[in-house]
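>
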Amino acid sequence: MRTSRKGPVEMPAFVRQLVKETERRVSSLFKGGRGGGGGGGGVGGGGGVGGGGAGGEPGVEGGGDLAEGEVVPSPYLDRPVLDKLVEEGCSRWGLTYALGSMQGWRASMEDFHNCVPQLGGELADWSFFAVFDGHAGSNVARYCSQHLLSQILATGEEIRRRRGGKGEEEEGEEEEMGAEDDPERVRAGICGGFLQTDRQLQGVARREGWERGGTTVVGTLISPCYIYFANCGDSRAVLSRSGQVCYSTEDHKPYSPLERERIENAGGCVSIQRINGSLAVSRALGDFGYKGAENRPPEEQMVSPEPEVCVVERSPGDEFLVLACDGVWDTLTNEELCAFVHSRLRVCTDLRDVCAQVIDLCLYKGSLDNISIILLCFPGAPQLSAEALHQEAELDDLLEAKVAEIYEDLCDGGEEPDLLAVLTVLASIAIPGLPPGGGIQSKRNCIISAYFQQREIHRPTLPNNLGIPKKPM
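If you read the sequence shown in UniProt numbering, its first letter stands for residue 1, the second for the next number, and so on.
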């Protein structure tokens, strides 16, 4: 059994963003597009830069070769879609959760989720949560969000039945063990559920024309004794315990040594950190164009549907667990996210608001992807703090005063300052007490509110030649 481990050393967010933008431009050059890669590349047509996958550019949904002179449509919008889907819930044993997701700058929403705080029957004290980050269309992610859990449960039950005794006494004894934690059996059930979902998906995808689509998955199955993590791709789970990052899943990237070895053994190559220069993840459900190597089981194909499963024993120090797509991890490290969530839980009672603040932070820090996060809070999660609330109020007052001061200074030139100018000056000032892991970007909504307040105050005094109407009496 794998034990808990610290998260890997992370590149700075701006470096990851620079690499991602460079990859996008390189893909665009290969495809002849203005700003995007292709859609959901497959190897069946000869490989090459067939289009983006997870972490890549979706371009034309479903992929396919472009006609001569055809331009790849941009995967990005002119303006981000800021509407958020939020929901919350709880289990009977004290787990509370919230979900937040937003389309953002992407041309379409390809993220899905599954939140089941209480499984049925003898597993009523178990919970399941997962985030599905689709690429080259949303169909595969949607399908897997609807079928993965049932396949995991069915596979686990089949494993238990096969391992059970054949006599009546043994069968009865095995039935009583149904809700007990057997980590190896649960691990096998999770892996088998992923593989079976992928097998069934292949037939559906062939019939519906989804062969080029795929999805990454990160999920957790929580029992009274253990937390089971399952990861397939580059979405990520992080567990905070006693104020520290206790465990994080590992991203499955083509350039990782073990992943690269499997890809090359299956006849592929890794170019510009992608499989055949196209797909940016090395494990996923779907992506059947990368799963055609003869005489190789699914786990040994270029793209493997096999999840990495880790078992972590539960502890009274467990605070919260985060499942999120790469739209979050492109801008925040494990430590930054956990520090920020920890600070928000001390000033916020609504977990939906905490998720919304994380989404806004990622957007303001430059995330161009769909953004989805599930926040699970254990009984040991940080609680509302009067001291933290007081410090937060003082910080808001300080920021409002700074914005007013900056606005006054910029107005001396006789022109109305724009928001970007105010933000630029404010970002250059050392502000004490900013939320850990969030920095000045996490207070942007407060700053924007203060800016518009100042604009309303100063508009009647601005020169008329600026074309700004005076405030009505």
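For each residue, glycine too, the CB sits at the ideal point set by N, CA and C.
Here the structure is a predicted model, which means the values were calculated and not measured.
If we ignore side chains and look at the alpha-carbon of each, how far apart do Glu300 and Ala266 end up?
Straight-line Cα distance between these residues: approximately 7 Å.
> In whole angstroms, give me the CA-to-CA distance for Ser91 and Val116.
Ser91 and Val116: Cα-Cα distance of roughly 9 Å.
> Out of curiosity, what's the CA-to-CA distance linking Ser315 and Ala130?
Roughly 21 Å separates the two Cα atoms.
> For Val140 versus Gly213, is the C-beta spacing smaller than 8 Å?
For Val140 and Gly213, yes; Cβs fall inside 8 Å.
> Opposite Cys115 in the DSSP bridges: which residues?
BP columns for Cys115 point to Phe129.
> With distances taken between CB atoms, is the gap from Asn370 to Glu110 smaller than 8 Å?
Cβ atoms of Asn370 and Glu110: closer than 8 Å.
> Tell me whether the stretch 393-412 and the stretch 451-459 touch, counting them as touching only if at least three CB pairs, one residue from each stretch, are closer than 8 Å.
Because the criterion of three Cβ pairs below 8 Å is met, the stretch 393-412 and the stretch 451-459 touch.
> In the structure shown, what three-state DSSP assignment does Pro307 receive?
Reduced to three states, the DSSP call for Pro307 is coil.
> Residues in its own chain within less than 8 Å of Leu29 by CB, not counting five upstream and five downstream?
The pLDDT assigned to Leu29 is 40, lower than 50, so where the model puts this residue is not dependable; a value taken from the coordinates is nonetheless given after this. Once the five neighbours on either side are set aside, Leu29 has no close Cβ partner at all.
> Would you mind stating whether Ala237 and Leu345 have Cβ atoms separated by less than 8 Å?
No, Cβ-Cβ distance for Ala237 and Leu345 is not below 8 Å.
> Looking only at its chain, what residues have a beta carbon closer than 7 Å to the beta carbon of Asn465, apart from the 5 residues adjacent to it on each side?
For Asn465, the predicted model reports a pLDDT of 39, less than 50, meaning its position is unreliable and no value from the coordinates is stated.
> Contact between the stretch 233-252 and the stretch 281-291 is defined here as three or more beta-carbon pairs at a separation below 8 Å; is this criterion met?
Touching, yes, given that three or more Cβ pairs across the two stretches are closer than 8 Å.
> I need the DSSP call for Trp329, collapsed to helix, strand or coil.
Helix.
> Enumerated in chain order, which unbroken segments of the alpha helix (DSSP H) with a length of 4 residues or greater are wholly contained in the stretch 395-448?
Entirely contained in the stretch 395-448, the alpha helix (DSSP H) runs reaching 4 residues are, in chain order, 419-427.
> Between the stretch 320-334 and the stretch 366-384, can you find at least three pairs of beta-carbon atoms closer than 8 Å?
Taking 8 Å as the limit for Cβ pairs, the verdict is that the stretch 320-334 does touch the stretch 366-384.
> Looking only at its chain, what residues have a beta carbon closer than 6 Å to the beta carbon of Ala450, apart from the 5 residues adjacent to it on each side?
Glu400, Val403.
> Is there contact here, the stretch 241-248 with the stretch 330-339, by at least three beta-carbon pairs under 8 Å?
The answer is yes - the stretch 330-339 touches the stretch 241-248, with three or more Cβ pairs under 8 Å.
> Starting from the C-beta of Glu306, find all residues in its chain whose C-beta is less than 8 Å away, skip the five residues before and the five after it, and write them out in chain order.
Excluding positions up to five away in sequence, the list reads Cys191, Phe194, Leu195, Cys232, Arg283, Pro298, Glu299.
> Please name the residue or residues paired with Pro231 in a DSSP beta bridge.
A small fix is needed here, since residue 231 is Asn in this sequence, not Pro. In DSSP, Asn231 forms a bridge with Val218, Glu308.
> Just checking my contact of Leu149 with Phe128 at CB under 8 Å: how many whole Å lie between their CB atoms?
Contact flag correct, Cβ pair sits at about 5 Å.
> Taking the alpha-carbon positions, what's the Phe452 to Pro379 distance?
So the alpha carbons of these two residues sit roughly 40 Å apart.
> Is Leu321 near Val354, with beta carbons less than 8 Å apart?
No, Cβ-Cβ distance for Leu321 and Val354 is not below 8 Å.
> For the alpha helix (DSSP H) holding Asp318, just list the boundary residues, first then last.
Per DSSP, Asp318 belongs to no alpha helix (DSSP H); it is in the beta strand (DSSP E), 318-324.
> Straight-line CA distance for Trp126 to Gln357?
Trp126 and Gln357: Cα-Cα distance of roughly 28 Å.
> For Ala237, does the three-state DSSP call read helix, strand or coil?
If DSSP states are grouped into helix, strand and coil, Ala237 belongs with the strands.
> Smallest Cα separation from Ser108: which of Gly134, Gly89, Ala98?
Nearest of Gly134, Gly89, Ala98 to Ser108, Cα basis: Gly134.
> Considering only heavy atoms of the ligand NAP, does any lie closer than 7 Å to the CB of Gly433?
Of the ligands one can find in the structure shown there are none, so the ligand NAP has no counterpart to examine.
> For the beta strand (DSSP E) that Tyr247 lies in, which residues bound it at each end?
Tyr247 -> beta strand (DSSP E) spans 244-248.
> Name the two residues that bound the continuous beta strand (DSSP E) containing residue 474.
Nothing in the structure corresponds to residue 474, since the chain is present only between 1 and 473.
> From the DSSP secondary-structure annotation, give me the bridge partner or partners of Ala98.
Beta-bridge pairing links Ala98 to Glu88, Leu375.
> On a CA-only basis, which of Ile263, Lys84, Glu308, Arg274 is nearest Ala293? Give me that one, please.
The shortest C-alpha separation from Ala293 is found at Ile263.
> Identify whether Asp350 lies in helix, strand or coil by the three-state DSSP scheme.
Residue state, collapsed to three classes: coil.
> Keeping to the same chain, check which residues put their C-beta closer than 8 Å to that of Pro417; ignore five residues upstream and five downstream.
The answer, listed in chain order, is Ile406, Tyr407, Leu410, Cys411.
> Report the residue ranges of all beta strand (DSSP E) runs contained in full by the stretch 260-295; include only those spanning at least 3 residues, in chain order.
Listed in chain order, there is nothing to give.
> Can you tell me the Cα-Cα spacing of Arg79 and Leu426, whole angstroms?
Whole-angstrom Cα-Cα distance: 24 Å.
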